[in-house]
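Note that my numbering has the sequence shown beginning at 167, numbered continuously upward. Glycine included, each C-beta is placed from N, C-alpha and C at the ideal position. Being a predicted model, the structure only gives us computed values, none of them experimental. The structure appears right after this line, and notes come after that.
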Amino acid sequence: MKFNNLVDLIDTEYGQRGDTLGWRWLYSPMQTLSRANVALVGLNPGGGSYEPPAPSCEQGSAYATESWGGLPPGHSTLQRQVLSLFSCLGVKADDVLAGNLVPFRSRSWEALGNRPAAVTFGQRLWQGVFAAHRPEMIIAMGNTARDALVEVLGAYDRKYVTVNWGSLVGTYWTLPNGGRLVGLPHLSRYGIITRAVSQSALLELFGERYDKDKKLPPSLLPFERGQRESATDLTLAVPQPEG
Numbered sequence: 167m168k169f170n171n172l173v174d175l176i177d178t179e180y181g182q183r184g185d186t187l188g189w190r191w192l193y194s195p196m197q198t199l200s201r202a203n204v205a206l207v208g209l210n211p212g213g214g215s216y217e218p219p220a221p222s223c224e225q226g227s228a229y230a231t232e233s234w235g236g237l238p239p240g241h242s243t244l245q246r247q248v249l250s251l252f253s254c255l256g257v258k259a260d261d262v263l264a265g266n267l268v269p270f271r272s273r274s275w276e277a278l279g280n281r282p283a284a285v286t287f288g289q290r291l292w293q294g295v296f297a298a299h300r301p302e303m304i305i306a307m308g309n310t311a312r313d314a315l316v317e318v319l320g321a322y323d324r325k326y327v328t329v330n331w332g333s334l335v336g337t338y339w340t341l342p343n344g345g346r347l348v349g350l351p352h353l354s355r356y357g358i359i360t361r362a363v364s365q366s367a368l369l370e371l372f373g374e375r376y377d378k379d380k381k382l383p384p385s386l387l388p389f390e391r392g393q394r395e396s397a398t399d400l401t402l403a404v405p406q407p408e409g
């Protein structure tokens, strides 16, 4: 299915749902839909006020080019974690297919109306994407996005990996094309990519292409307000995981 057709699907569904905050789908340039070897899929875009529809991010990966939370471009907690992950995987941010399972904006996931229907629509949307081009490595952030993609991709042979953060685990599956689906805790809350004690788990989750020594150096990961970090463990102040 062509990009414009997918955008039309989103626009039509958005109008039928009656949402009021706008929608955003890809955090990467449109061309990544047909070229990317790595994909990263989150749940849905946040926001408390209306923003115009944003099908893609043609100026480059939003994880690198946009200012989130009043910080310089690429410097929010989530952006730093994601950019470090891309670096460890040996892929440029602009070359990764990145986007939302559900494109409809909301203040929180719980605030989004008719979430089951939204997930079903998201599955339909990404099924169209992955039917045309399937990256070898697909990463899902959070349980809802992960479980939805397992169904879409026909993933099998699930493995659990403890990430050395309380009871948190990562998961990975084999894909029919020989690739891998990796499920991670949401990196905005759990900064496992730059956490020293989680590196062995990440190597198991991502396999041989993961190189912990390629993550962004501390000089490019500046301190945020109220956050204490060290070069050996960039997430020393560890909150207890929910659940």
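Inter-residue Cα distance where the pair is residue i and residue j
{"i": "PRO388", "j": "VAL248", "result": "Confidence at PRO388 is low in this model, with a pLDDT of 43, below 50, so its placement is unreliable and no value can be given for it."}
{"i": "LEU347", "j": "GLU217", "result": "31 Å"}
{"i": "PRO219", "j": "LEU172", "result": "13 Å"}
{"i": "CYS254", "j": "HIS352", "result": "17 Å"}
{"i": "GLY256", "j": "GLY236", "result": "28 Å"}
{"i": "GLY373", "j": "VAL316", "result": "19 Å"}
{"i": "ALA202", "j": "SER272", "result": "28 Å"}
{"i": "GLY336", "j": "GLY294", "result": "26 Å"}
{"i": "THR310", "j": "ALA259", "result": "24 Å"}
{"i": "THR455", "j": "ARG324", "result": "The question about residue 455 has no answer here: the residues shown for the chain are numbered 167 through 409."}
Residue of the options minimising C-alpha distance to residue i
{"i": "LEU319", "options": "ASN203, VAL173, GLU179, GLN289", "result": "GLN289"}
{"i": "GLY212", "options": "LEU267, VAL348, MET303, ALA259", "result": "LEU267"}
{"i": "TYR229", "options": "THR186, SER354, ALA367, GLU370", "result": "SER354"}
{"i": "LYS380", "options": "GLN365, LEU371, GLU370", "result": "GLN365"}
{"i": "LEU369", "options": "HIS352, VAL262, ASN343, LEU251", "result": "LEU251"}
{"i": "PRO269", "options": "TYR376, ARG375, ASP177, GLY373", "result": "ASP177"}
{"i": "GLY214", "options": "SER227, LYS168, SER274", "result": "SER274"}
Test item: CB-CB of residue i and residue j under 8 Å
{"i": "ILE305", "j": "LEU209", "result": "no"}
{"i": "GLU302", "j": "GLY349", "result": "no"}
{"i": "SER222", "j": "TRP191", "result": "yes"}
{"i": "LEU263", "j": "THR328", "result": "no"}
{"i": "LEU334", "j": "LEU175", "result": "no"}
{"i": "SER200", "j": "HIS299", "result": "yes"}
Three-state class that DSSP yields for residue i in the structure shown
{"i": "GLY184", "result": "coil"}
{"i": "SER250", "result": "helix"}
{"i": "ALA284", "result": "helix"}
{"i": "TRP339", "result": "strand"}
{"i": "ASP323", "result": "strand"}
{"i": "ALA220", "result": "strand"}
{"i": "LEU291", "result": "helix"}
Paired residues, beta bridge with residue i - DSSP
{"i": "PHE270", "result": "TRP189"}
{"i": "GLY349", "result": "ALA306, THR337"}
{"i": "TYR356", "result": "Looking at the DSSP assignment, TYR356 forms no beta bridge with any residue, so it has no partner."}
{"i": "LEU263", "result": "ALA205"}
{"i": "SER328", "result": "It is worth fixing the name first, because residue 328 is Thr in this sequence and not Ser. Per DSSP, VAL335."}
{"i": "GLY212", "result": "SER272"}
Residue i CB to nearest heavy atom of the ligand GDP below 7 Å
{"i": "GLY336", "result": "Among the components modelled here there is no ligand, and therefore nothing to report on the ligand GDP."}
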